[in-house]
Amino acid sequence: MTAQAPDFEVKIVSSEAELKAAQRLRYRVFVEELGADGPMVDHEAKLEQDRFDAHFDHLILMDHAREADPIDQVVGVYRLLTDEKAQEIGQFYSEDEYDLSTLKASGRRLLELGRSCLHPDYRGGAAMFHLWNALAAYVAAHEIEVLFGVASFHGTDVTEHAAALSLLHSRHLAPEDIRTRTQADVFQPMDLIPEEEIDRRAAMLSVPPLIKAYLRLGGFVGEGAYLDHAFNTTDVCLILDTARMNEKNRALYTKERSL
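In terms of this note's numbering, the sequence shown is numbered consecutively and its last residue is 278.
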């Protein structure tokens, strides 16, 4: 964390410079840390970008207390796509990986989340809750009913994640009316270990923090994983139904947290 108290601001990107700052943070996390790549990644300028960026709202967390160039003041990012925007461009981002027909046929207002990341100095503190508070306000303003998106384990060797994936499948599989499923041609089963053989404590310890956070909010996972070799990740689809969140989970989602 920075030496002085952070001076946070959360906002929707409103300029090309702010978008590039978000893409710069994504490059640091997804490319430099996790080994991702893609056809539009700009390694010279250190920007992680793709063809969907122009259609998403980009929620950014800035720390104005950082003694750095303004492009480096962006320390958190969320990418947001409403169903209206998805209809305009013909698909959701994750639709190449997941069959979203159940969600799309539900008649409920959808929001796809993606590219969520934090600068390493801001993990484990208040930064994520500032982003979540702003996300909750966005959800309320757009009357969103179901949030979903891809969350990842590092690496594409499913044997390393077998216990965690099996636990998610056995204990946190989404109800059928909102259940997504990995596309048939890339379907990776998650039920790799019988439920009675899972060491639940050890398995949950290996689940990435963002996934655990959504599970605490009452979130679910879709059926099947996806091996994203370009991003060097094993992906699951997270689904959060606001109607199924109890009051305790709503408070966790919207309550301001401090360090």
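All C-beta atoms in this analysis are idealised placements derived from N, C-alpha and C, irrespective of residue type, glycine included.
For clarity, every value in this text was computed on a predicted model and none was experimentally measured.
Nearest candidate by alpha-carbon position, reference residue 255, set 193, 221, 224
193
If I'm right that residue 29 touches residue 150 with Cβ under 8 angstroms, what's the distance once you round it to whole angstroms?
Correct: roughly 6 angstroms between the Cβ atoms.
Whole runs of the beta strand (DSSP E) within the region 92-118, excluding any shorter than 3 residues:
Counting only runs of at least 3 residues, the region 92-118 fully encloses the following beta strand (DSSP E) elements, listed from N- to C-terminal order: 93-101.
Heavy atom of the ligand SAM within 7 angstroms of residue 203 beta-carbon:
Absent from the structure shown: the ligand SAM. Ligands present: none.
Give every residue of the same chain whose Cβ lies closer than 8 angstroms to the Cβ of residue 189, excluding the five residues on either side of it in the sequence, and list them in chain order.
210, 214, 217
Quick check on residue 223: does DSSP put it in helix, strand or coil?
helix
Judging by CA-CA distance, which residue of 103, 134, 156, 154 is the nearest neighbour of residue 128?
103
Tell me which residues share the same chain as residue 38 and place their Cβ nearer than 8 angstroms to its Cβ, disregarding the 5 neighbours each side in the sequence.
32, 72, 77
Considering just the uninterrupted stretch of the beta strand (DSSP E) at residue 28, what are its terminal residues?
27-31
Residue nearest to residue 248 in terms of C-alpha spacing, selected from 63, 56, 42, 26:
The candidate whose alpha carbon is nearest that of residue 248 is 56.
Measure from the alpha carbon of residue 147 to the alpha carbon of each residue in 34, 93, 202, 63, then state which is nearest.
93
Helix, strand or coil, according to DSSP, for residue 203 in the structure here?
In the structure shown, the three-state DSSP call for residue 203 is helix.
What does the alpha-carbon distance come out to for the pair residue 202 and residue 179?
Distance from the CA of residue 202 to the CA of residue 179, rounded to the nearest whole angstrom, comes to 22 angstroms.
Please state whether the Cβ-Cβ distance between residue 183 and residue 172 is less than 8 angstroms.
Going by C-beta atoms, residue 183 is nearer than 8 angstroms to residue 172.
When burial is assigned at 16 or more other CB atoms within 10 Å of the CB, is residue 176 buried or exposed?
The Cβ neighbour count for residue 176, taken over all protein chains shown within 10 Å, is under 16; the residue is labelled exposed.
For the region 120-197, which segments carrying the beta strand (DSSP E) assignment without a break, of at least 3 residues, lie completely within its bounds, in sequence order?
129-137, 165-173
With C-beta atoms as the reference, is residue 237 less than 8 angstroms away from residue 263?
yes
Among 120, 34, 23, 243, the one whose alpha carbon lies nearest that of residue 191
243
Identified DSSP bridge partners for residue 252:
173, 247
When the distance is taken between beta carbons, is residue 170 closer than 8 angstroms to residue 257?
yes
My output table needs one value for residue 67: the three-state DSSP class, helix, strand or coil.
coil
So residue 230 is in the alpha helix (DSSP H); what residue range does that whole segment cover?
228-235
Identify whether residue 211 lies in helix, strand or coil by the three-state DSSP scheme.
Of the three classes helix, strand and coil, the one that applies to residue 211 here is coil, per DSSP.
Does residue 37 come out as helix, strand or coil in the three-state DSSP assignment?
helix
In whole angstroms, give me the CA-to-CA distance for residue 24 and residue 118.
44 angstroms
With the cut-off set at 8 angstroms, would you say residue 246 and residue 207 are in Cβ contact?
yes
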